[in-house]
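Peer 1:
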Amino acid sequence: MRAFQSGAYRAAIVEAWVAVALDLTNKIRHLADTGDGEARVKIEQLDKAIDERDTVAMQQHERTILEVCETSFEFLTSRERVELERLYEDRNLSAHPAFVKPGEVFAPTAELVRGHLAAAVDCALALPPVSGRKALDNFLRDVDSSSWPRDGDLANYLRTEYLSGTRRSVCINLTKLVLKGSMQPPTDEALKMSVEIVASRCRASVHAIYEVQPDLVREGIHGVVSSWERTGSLTDEVLLRMVGALGHLSVLWSTISPGTKSRVVALLEVADPDMLIDNQTFAAGEPADDDVAAAYAHAKTGATAEFVNLERLVETRSVERAQWVGPALDALEGAASFRAAETRLRCLLKLAPQLSSEDLERASVCIRTNSQIYQASDTPELLQNLYRETCATDGTQDVWQNLAEGLHEDYMTDHDDPEGYYSYKSLLDLARGLNA
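Numbering (the working numbering), first residue to last: 199 to 634.
1) Between residue 593 and the rest of its own chain, which residues show a CB-CB distance below 7 Å, the 5 nearest in sequence each way excluded?
2) Distance, Cα to Cα, residue 305 vs residue 212?
3) How big is the Cα-Cα spacing for residue 203 and residue 281?
4) By how many angstroms is the C-alpha of residue 435 removed from the C-alpha of residue 473?
5) Consult DSSP for residue 276 and reduce its assignment to one of helix, strand or coil.
6) Just mark residue 601 as buried or exposed, buried being the case when its beta carbon has 16 or more other beta carbons within 10 Å.
7) Grouping DSSP H, G and I as helix and E and B as strand, with all else coil, what is residue 625?
8) From the DSSP output, in three-state form, read off residue 157 for me.
9) If we ignore side chains and look at the alpha-carbon of each, how far apart do residue 575 and residue 595 end up?
10) By DSSP, does residue 210 sit in helix, in strand, or in coil?
11) Residue 444 and residue 419: beta carbons closer than 8 Å?
12) Is it true that the CB of residue 360 sits closer than 8 Å to the CB of residue 333?
13) Check each candidate in 289, 226, 389 and 371 and name the one with the smallest Cα separation from residue 326.
14) Check whether the Cβ atoms of residue 517 and residue 552 sit closer than 8 Å, and answer yes or no.
15) Give the range of the alpha helix (DSSP H) segment to which residue 319 is assigned.
16) With a threshold of 16 other CB atoms inside 10 Å of the CB of residue 393, please say whether the residue is buried or exposed.
17) Taking the alpha helix (DSSP H) that residue 156 falls in, what are its first and last residues?
18) What's the call for residue 485, buried or exposed, on a 16-neighbour Cβ count within 10 Å?
19) Alpha carbon to alpha carbon, how far is residue 390 from residue 479? Give it in angstroms, no decimals.
20) Leaving out five residues on either side along the sequence, give the residues of the same chain with a beta carbon under 6 Å from the beta carbon of residue 210.
21) Starting from the Cα of residue 363, find the closest Cα among 536, 335, 525 and 324 and give me that residue.
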């Protein structure tokens, strides 16, 4: 910058290239320090050339550093490499007068130098030593590890570890990788985690990236889904997983072709429950398209008709778990035996964070009017657990107190033991705040 400001434009170009070459070399060194084998070999060769004063080898390193940083380590995009190659060519013209015709002198303009300085900063100097390939490798390692962050921490984790200070091309490639993993999870036998866990983590990552940088997800969907449409890669299984991963995003339905949307609607109307559940079709909740949402509702009704399928769905990680509250209450109403009542209450207990006071009011009616529920052996304990999970929800205290008092009064009409097992005295004490 001092050379540029003083009008020494050729010197400014030479110094700009020196800064870029040093920056890229140091990034390779950093990658070698993190354990990358290819980077370590490259740095060992360079250090050997420096120690031995091997000018030819050092010049070879300088001549090929842009190609290596693009193709081997992905520190540069193809466009960035072109920009810096122009700087390198002008550096040669500035530093070596013999590179021009006799009688000619390379005289760069201020505008040319200013462009080279901007390219040096934008393509290299302002960016951290994050290899595109290494970033993707690190994500694949993390998504298959036991140290994967909790959902509540995921957005901040991805922002700080992968998205902040990273060139946009790397962020786009990472987003595309996550999108592909959510719709077509890897089946590598070397995976430590199950395929469904990896797919679930990829779905959660899509949502986290959308929370941090929604434009990345929009661009990624355009790139991945449109490409899969052209290559015929959208199988029935991929379409169902696509609904479960991305269906709640309106950009999906504005991206896919009308033909693909028609296939999705038809598939949701005819797919059997096992296929729908196995491919995590309901993980993202209701699709952001009216036609697809109608077919989705039909599929959900069919999938929850059997309680065993509802249990599987409740156990599956999803963005919108509240969608199972209605089917769970329907199942509780239909409990026809003690054991059925207990399993249905346990299912409802798993949905406790999603229950509103209106949901609990409906459940209380089911419980009090069905002897198969309130006389089941595990019901008193299950209701106490459900109370503890929901008592902080607005409007539920009155519901619980009315239910506990009603069950206790019903019991006492035929019994004279207020502490009897089915007297629900413990629940009543909890509802009245008499027992912690």
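Ideal placement from N, C-alpha and C gives every residue a C-beta, glycine not left out.
Peer 2: Answer, in terms of the structure:
1) 555
2) 13 Å
3) Using only the alpha carbons, I get a separation of about 22 Å.
4) 8 Å
5) helix
6) buried
7) helix
8) A question about residue 157 goes unanswered here, because the residues of the chain that appear run from 199 up to 634.
9) 24 Å
10) helix
11) yes
12) yes
13) 226
14) no
15) Taken as a continuous stretch (DSSP letters only), residue 319 belongs to no alpha helix (DSSP H), as it is neither H nor E.
16) exposed
17) This structure gives no information on residue 156, because the portion of the chain shown stretches from 199 to 634.
18) buried
19) Looking at the backbone, the Cα of residue 479 and that of residue 390 are separated by about 24 Å.
20) In the same chain as residue 210, and ignoring 5 residues on each side of it, the C-beta atoms closer than 6 Å to its own belong to 201, 202 and 311, in chain order.
21) 324
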